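Under the working numbering, residues 56 to 404 are what the sequence shown spells out, in order.
Don't be surprised by glycine CBs; every beta carbon is placed ideally from N, CA and C.
Small disclaimer: the values here were computed from a predicted structure and weren't measured.
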Amino acid sequence: MFYIILFTLFFILIPSSEIQDINLIYSYSIEENEGVYFGSIRDAVLTPEKNTIVLTSSEQSIFIYNNEGKLVQKLGNEGRGPGELMVPMSIASNNTGDFIVTDIGNAKISVWNNNGDLIREMSTPDNAHMYAQSRSFQSNSSDLFYWTISPDPSSGFDKIRIHKIDTRLEDAELYFSINENSENEMYEFISGWGTWDVSENGDIITVGKTPDYHLYKFGIKDNTLEQFGNPFDPVVRTQKENKIRIENAKRVSSQAASLLSNSNDEKPVFQNIEIDDKNFIWAHRSKVYGEAEEIDIYSIEGEFITTVTLPQSKDEYRLMDIRNNEVLFRVTRDDGRHSLVVYEIDYSG
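So this is what it looks like as structure tokens:
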């Protein structure tokens, strides 16, 4: 059980005059080509070598693209053996270029180096299933990965269990947990289905449930919980968005499509949260169909800095990863097809 002294902080969020605006400059796109059909893009990350690693629903493989959007390497095939994959669902890369892939079909995590060599495989803790997701963690002293699973939504409270993975070891260590019955009511505002990331010093940034619309920081070292963020109105999917969403889910599994069919039309609070190399929190809010994408930027202390706005479009963007002054988005086009786009981050304004 994780004991926390609760400090609810309501910030008056005024952009700091000392920090200039943050702009995004288009760099390159990754499209379906060279015989690779994406179906839907399950996950994608940037690497220190300025490559992009992609997992898709169409093939049980790992695709690596260079910074010109060209396919340069394909790893793994469908199967149960070493280096083989059944349903690769999530991926994360660290500062050295090593990356991990969670494979829910084989209930394992595979660790690869920056040359594409398989380092080791380990069983996923807690009988992981289709709701697994992963985030990477960059540190001055180590290159660790953090990984979580969420239970079946029918269980009610969205429990959170985050494991720490050191690629030099063979086991995952439980790092943070909200899973005791006595904690359900205390932390019911936290969404285990929401996005999350880990700061450089190990704090966890996560989101509240609808209609909370706040960000939360769990201070692991000093046992604190802080609330921050600008509230905004809920966003509801259009019929067309729901149709595209369910069609994409069918490419994953009939169970995934069934879950989405039975869910409500309100979008999640945030598309994603990512922490950049400057320790800024990027909170990508869900948008109204056809409007511009907006990403709120906060300091790690919870101070609002600025809002980054992408051009108005019927396409829907999802923030996927940030590394070395580059930001990666998955693009869901108006016809439901997926692609990726990379922007260079201009912090000078």
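Which two residues bound the contiguous beta strand (DSSP E) that contains residue i?
| i | result |
| --- | --- |
| residue 115 | It is not in any beta strand (DSSP E) - residue 115 carries neither H nor E in the DSSP assignment. |
| residue 78 | 78–85 |
| residue 199 | That residue, residue 199, is in no beta strand (DSSP E); it is neither H nor E in DSSP. |
| residue 175 | 173–178 |
| residue 143 | 143–148 |
| residue 165 | 163–167 |
| residue 232 | 227–233 |
| residue 93 | Segment: none, residue 93 is in no beta strand (DSSP E) and carries neither H nor E. |
| residue 394 | 393–401 |
| residue 158 | 154–158 |
| residue 387 | 381–387 |
| residue 151 | Counting along the chain, residue 151 falls outside any beta strand (DSSP E), and DSSP gives it neither H nor E. |
| residue 129 | 126–130 |
| residue 252 | 251–253 |
| residue 102 | Taken as a continuous stretch (DSSP letters only), residue 102 belongs to no beta strand (DSSP E), as it is neither H nor E. |
| residue 261 | 259–262 |
Write down the C-beta distance between residue i and residue j rounded to the nearest angstrom, noting that I regard them as a contact closer than 8 Å.
| i | j | result |
| --- | --- | --- |
| residue 291 | residue 333 | About 34 Å; that fails the 8 Å criterion. |
| residue 259 | residue 283 | The Cβ separation is near 14 Å, so there is no contact. |
| residue 165 | residue 138 | 7 Å |
| residue 297 | residue 320 | 6 Å |
| residue 116 | residue 131 | 5 Å |
Compute the Euclidean distance between the alpha carbons of residue i and residue j, then round it to the nearest angstrom.
| i | j | result |
| --- | --- | --- |
| residue 293 | residue 175 | 44 Å |
| residue 325 | residue 349 | 10 Å |
| residue 387 | residue 355 | 29 Å |
| residue 85 | residue 304 | 21 Å |
| residue 301 | residue 121 | 31 Å |
| residue 295 | residue 289 | 18 Å |
| residue 108 | residue 163 | 19 Å |
| residue 222 | residue 172 | 13 Å |
| residue 127 | residue 225 | 29 Å |
| residue 242 | residue 313 | 28 Å |
| residue 403 | residue 76 | 7 Å |
| residue 369 | residue 105 | 28 Å |
| residue 210 | residue 229 | Low confidence applies to residue 210: its pLDDT is 48, below 50, so where it sits in the model is not reliable enough to give any reading. |
| residue 255 | residue 198 | 10 Å |
| residue 250 | residue 316 | 21 Å |
| residue 287 | residue 343 | 12 Å |
| residue 140 | residue 389 | 30 Å |
| residue 95 | residue 219 | 28 Å |
| residue 233 | residue 391 | 36 Å |
| residue 385 | residue 299 | 15 Å |
Looking only at its chain, what residues have a beta carbon closer than 6 Å to the beta carbon of residue i, apart from the 5 residues adjacent to it on each side?
| i | result |
| --- | --- |
| residue 351 | 338, 362 |
| residue 378 | 101 |
| residue 142 | 159, 160 |
| residue 376 | 100, 101, 383 |
| residue 124 | 83, 84, 85 |
| residue 310 | none |
| residue 217 | 201, 203, 230, 231 |
| residue 269 | 263, 282, 284 |
| residue 208 | In this prediction, residue 208 has a pLDDT of 47, which is less than 50 and means its spatial position is unreliable; what the coordinates show is noted afterwards. Hits under 6 Å: none found. |
Residues in its own chain within less than 7 Å of residue i by CB, not counting five upstream and five downstream?
| i | result |
| --- | --- |
| residue 93 | 87, 111, 113, 393 |
| residue 178 | 162, 163 |
| residue 252 | 190, 260, 328, 329, 330 |
| residue 91 | 118, 126 |
| residue 347 | 364, 365, 366, 367 |
Less than 8 Å between C-beta atoms, sequence neighbours within five positions excluded: which residues of the same chain meet that for residue i?
| i | result |
| --- | --- |
| residue 79 | 363, 365, 382, 398, 399, 400, 401 |
| residue 103 | 148, 150, 151, 152, 169, 378, 379 |
| residue 341 | 290, 322, 323, 324, 325, 326 |
| residue 97 | 110, 111, 112, 143, 144, 145, 307 |
Open item on the list: If we require 3 or more residues per run, which beta strand (DSSP E) segments fall completely within the segment 304–379?
Closed with: 325–330, 336–340, 349–353, 359–364, 371–378
Task: Runs of beta strand (DSSP E) lying entirely within the segment 267–302, each at least 3 residues, in chain order - done: 270–274, 279–283
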